[in-house]
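Notes follow the structure.
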Amino acid sequence: MEDTSVFLLCLTASSGVPLYCRSKGSNRQLTFSVIGSLNGVHMFANNQDVLLTSTRTENSRVVWRTFHDSINLIVMSCENTASDLSLNKLLENVFNAMVLVIGLDDLVNIKNVERLKKDLRACYKLIDGFLTESEKMADLTQCVDCIITHDVTILQECLDGFTQAAESDFGCLMAGGKVVTATEKWWRLASQDVMLLCWLVASLSSHSSRDYPVYLPQGSPTVPHRLLTFQLVSGVDVCILCGPSPSLQKVESELVERFWKPVVDPLKACLRVQLRSFPASIPLHRGIMGLLLVNRDLNKTLYTVQVHPLEDMHRTELKFTLDQRRAALRSFYTLALSHYLIPDNVDEKTIPCEEMFASGFSHHAHQCYTVSSSHKCYALKTELHLLFLVFKPEVPTFSMSTIANKTLQVFTKDFPF
Amino acid sequence: MSAPRPGSLITPDWLLSPEGRDYLTCILRKRKRRTFGLIERPVLPPQLPADVASYKIFVTGKSGVGKTSLVAKLCGLEVPTMHHETTACFPYLPGIQTSCVYWPAHPRHSDRPIIFAFQFWDCGESALKKFDHILPACKEKADAVLFLFSFTDRSSFEDVPALISRTLSQEENVARVVIGTKLDQFMHTDVTEQDIRDFQQTWQVPVMRVRSVNAPRLSDGRSLDGRTELADAAPVLNGLAEVLWHRDQITAGLVDIREGEISSNAS
Ligand SMILES: Nc1nc2c(ncn2[C@@H]2O[C@H](COP(=O)(O)OP(=O)(O)OP(=O)(O)O)[C@@H](O)[C@H]2O)c(=O)[nH]1
Ligand SMILES: [Mg+2]
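Quick mapping for you: the protein sequence lines, in order, are chains R and A.
Residues 201 to 617 in this note's numbering are what the first sequence lists, from first letter to last.
Residues 622 to 888 in this note's numbering are what the second sequence lists, from first letter to last.
If you want it as structure tokens, here you go:
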């Protein structure tokens with residue numbers, strides 16, 4: 201198997217009928233016998249009252265999950281950054297994506313397998329996005345990716361007014377696939393639901409407007425709501441979650457121009473921060489290559505591997521490429537969360553703690569770091585935030601804590617996130 | 622409503638004429654189609670007059686006939702193909718999606734050009750069946766409905782009359798246009814020219830033909846050549862402009878008659 205390929209299998213739990221197979225980085229399909237064995241070994245264990253969750257070989261890792269005793273998902277990954285935590289997240293995201301489009305009822309009570317197979321094709325784009333995504337972090341953190349703009353106050357006002365006029369409480373403004381701002385109630389939806397809705401909008405090709413029935417995997421898995429989206433300017437969409445009324449036609453013809461035409465310039469300005477996710481005027485330490493900031497209350501993240509975009513642009517050959525920074529940040533996040541900075545409300549089933557480091561102590565870690573020849577990483581946990589930084593290797597190890605604290609201050613005092 | 626003869630109301634190659642060129646640049650830049658958000662409009666130099674006429678067009682037809690592909694083609698966007706799995710397309714839409722196309726044209730009897738703003742409403746057939754609110758939403762205030770069949774699937778052609786009556790009742794004042802897709806697959810065609818002539822004769826509905834295949838790419842290897850792509854889309858866009866312009870004139874004519882009655886009553 202090639203060293204970066206990932207295979208995802210979906211089967212019915214009761215009879216082991218394959219529903220679909222998606223892959224990344226490989227032209228080869230898994231043979232029927234491989235699919236059969238992967239599922240067979242899980243079924244065999246099940247019959248012996250053993251729950252098979254994961255295994256690994258020298259160069260690959262396999263994770264099994266059964267959802268609602270109805271759907272089996274299996275992932276086999278040869279990526280060296282793959283971990284049990286990241287693969288479990290992947291399977292949860294994939295199942296949630298299936299619920300979002302199909303609804304839980306049709307996944308739990310499978311009446312017609314052929315029909316379900318056909319319906320599931322509508323999820324492929326979303327699922328493939330989870331397999332191949334490289335620009336976002338939300339799939340791993342389950343917190344939606346955001347940006348910070350200067351004009352957020354005025355945009356927030358427009359959004360609140362627009363959402364209310366559309367008879368809804370749930371509104372969200374997105375630029376370049378990331379959230380600019382959202383209404384109070386939107387932030388109070390389950391974080392996975394928020395993440396998935398934004399992921400859906402970001403993964404679709406450009407359209408003027410949309411009216412999609414969606415099931416919210418946590419909030420409303422069996423009763424669909426309507427997700428309305430409107431492309432205000434190229435790359436900027438406003439989304440609303442609502443019930444049977446108002447109609448798409450009505451919102452579009454009566455409300456869109458009225459609320460948004462006056463702020464066309466601030467809307468376009470949102471696109472300017474894209475690479476960095478926040479304005480160039482926010483000062484950060486030169487030694488920082490990558491940043492991931494999680495707001496634990498609102499479940500939102502700020503993420504960038506282009507902390508100094510101008511500087512990076514001038515150097516044609518990056519010492520530590522953007523892809524490497526991204527990979528470093530992802531694996532450090534995974535490491536920190538599965539070993540040290542255990543979230544307060546862990547569900548043992550969903551977050552496998554590989555090494556019971558934390559359980560051996562009565563106190564919890566608040567900071568941790570790693571050092572390697574190509575980069576250093578530092579994580580910081582506070583009441584409200586989790587901050588992960590990737591540093592250049594020349595940054596002295598002893599100074600990382602100070603820099604991290606200063607960085608956090610920027611995003612709590614000057615530009616609150 | 623009778624259909625106008627193609628080319629009788631709209632000058633077909635007007636966009637390539639010296640006068641049309643200025644209008645072409647507001648939708649095409651550096652050989653790439655411009656896209657507009659809902660609060661944006663094509664910008665013309667101040668001395669150029671143009672009225673914008675907006676229309677809502679609902680696109681319907683059996684799953685897989687090529688509704689989404691047609692709309693992408695008319696918008697100058699990449700047509701999704703099943704052939705390469707990497708850019709795996711969305712074979713079934715979960716709901717409604719709309720796309721705007723701005724199309725400058727010069728109606729023969731108008732003293733100034735008109736920018737036709739077509740908003741296409743596309744929904745996957747499965748969503749239409751699964752959710753009751755979708756059909757009424759697509760029909761609400763629609764100016765036209767496009768009924769699609771595929772040249773490679775005879776049953777989709779034979780189903781068109783039933784599709785029309787399932788979608789619209791006789792008295793609904795909506796322009797009806799039938800479009801045959803996948804014309805490029807002529808080797809596999811299931812529907813003959815004679816079939817089309819007979820159909821037009823019987824139902825008095827205009828029939829257009831399209832091939833929703835991507836234009837060649839520009840030298841960057843990614844974006845589609847906007848000019849070729851526009852030339853491919855032009856016959857359909859002109860055809861729709863013609864049908865809708867014609868319908869407006871009839872409607873306007875009716876208004877005139879009624880106004881005449883009112884004034885004569887008053888005197
Ligand atoms: N060769 C060729 N292929 C086409 C044409 N139009 C559509 N296709 C192909 O037909 C398949 C289905 O097209 P879609 O546009 O997705 O069909 P649809 O009507 O939107 O289907 P639903 O959304 O399921 O209702 C795709 O693989 C397209 O690439 C065409 O004009 N020529
Ligand atoms: Mg479609």
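Glycine residues also receive a C-beta, built at the ideal position from the N, C-alpha and C atoms.
All values derive from a computational prediction rather than experimental measurement.
Residue 688 of chain A has its CB nearer than 7 Å to a heavy atom of ligand 2.
No heavy atom of ligand 2 is found nearer than 7 Å to the CB of residue 732 of chain A. Fewer than three beta-carbon pairs drawn from the segment 591-608 of chain R and the segment 828-840 of chain A are found closer than 8 Å, and the two stretches are therefore not classed as touching. Taking a 10 Å sphere around the C-beta of residue 808 of chain A, we find fewer than 16 other C-beta atoms and assign the residue as exposed. The nearest non-hydrogen atom of ligand 2 is less than 7 Å from the C-beta of residue 743 of chain A. Contact annotation: in the segment 778-791 of chain A, no residue has its CB less than 9 Å from a CB in chain R. Neighbourhood of residue 715 of chain A in chain R, by CB distance below 8 Å: 301, 322, 412, 413 and 414, in chain order.
For a Cβ distance threshold of 7 Å, residue set 407 and 408 of chain R lies close to residue 720 of chain A, ordered along the chain.
Looking at the DSSP output, residue 490 of chain R bridges to R:590.
Annotation for residue 253 of chain R indicates a beta carbon at 7 Å or more from all heavy atoms of ligand 1.
Closest by C-alpha distance to residue 497 of chain R, out of R:586, R:490, R:429 and R:443, is R:586.
Fully enclosed beta strand (DSSP E) runs of no fewer than 3 residues occupy 436-442 of the segment 431-467 of chain R, in order along the chain. Against chain R, the CB of residue 659 of chain A has a partner CB under 8 Å away; the residue lies at that interface. Contact annotation: residue 865 of chain A and residue 697 of chain A have beta-carbon atoms that are not nearer than 8 Å. Residues of the same chain with a CB within less than 8 Å of the CB of residue 860 of chain A, apart from the 5 flanking positions on each side, are 627, 798, 827 and 829 in chain order. Residue 211 of chain R places its beta carbon less than 8 Å from that of residue 239 of chain R. Between the C-alpha atoms of residue 844 of chain A and residue 522 of chain R there is a straight-line separation of about 25 Å.
With a threshold of 16 other beta carbon atoms within 10 Å, residue 232 of chain R falls short and is exposed.
Here the C-alpha atom of residue 372 of chain R lies approximately 26 Å from the C-alpha atom of residue 749 of chain A. For the options R:609, R:487 and R:296, the alpha carbon positioned closest to that of residue 599 of chain R is the one of R:487.
Counting C-beta atoms within 10 angstroms of its own C-beta, residue 449 of chain R has 16 or more neighbours from the protein chains shown and is therefore classed as buried.
Distances taken from the Cβ of residue 701 of chain A to the heavy atoms of ligand 1 include one shorter than 7 Å. One thing to note: residue 492 of chain R has its Cβ within 8 Å of the Cβ of residue 529 of chain R. Taking 8 Å as the cut-off, the Cβ atoms of residue 684 of chain A and residue 700 of chain A do not count as close.
Residues of the segment 447-459 of chain R that bring their beta carbon within less than 9 Å of a beta carbon in chain A comprise 447, 448, 449, 450, 452, 453, 456 and 457, in sequence order. In the three-state reduction of the DSSP assignment, residue 751 of chain A falls in the helix class, which pools H, G and I.
Nearest C-alpha to residue 445 of chain R among A:801, A:753 and A:771: A:753.
In this structure, residue 564 of chain R keeps its C-beta atom at 8 Å or more from the C-beta atom of residue 719 of chain A.
Segment contact: the segment 419-437 of chain R against the segment 322-329 of chain R, fewer than three CB-CB distances shorter than 8 Å; contact not assigned. Only residues of its own chain outside the window of five on either side were considered, and among them 207 have a CB closer than 6 Å to the CB of residue 223 of chain R, listed in chain order. CA-to-CA, the gap between residue 242 of chain R and residue 254 of chain R works out to about 10 Å. Residue 747 of chain A belongs to the set of residues whose beta carbon lies under 8 Å from a beta carbon in chain R. Neighbours of residue 432 of chain R in chain A, taken as residues whose beta carbon is under 7 Å from its own, are 658, 659 and 660 in chain order. Here residue 455 of chain R has 362, 365 and 366 as same chain residues with Cβ atoms under 8 Å from its own Cβ, once five neighbours each way along the sequence are excluded. Residue pairing for residue 264 of chain R: DSSP places it in a beta bridge opposite R:274.
A distance below 6 Å between beta-carbons, with the five flanking residues on each side excluded, links residue 395 of chain R to the following residues of its chain, in chain order: 338, 342 and 344.
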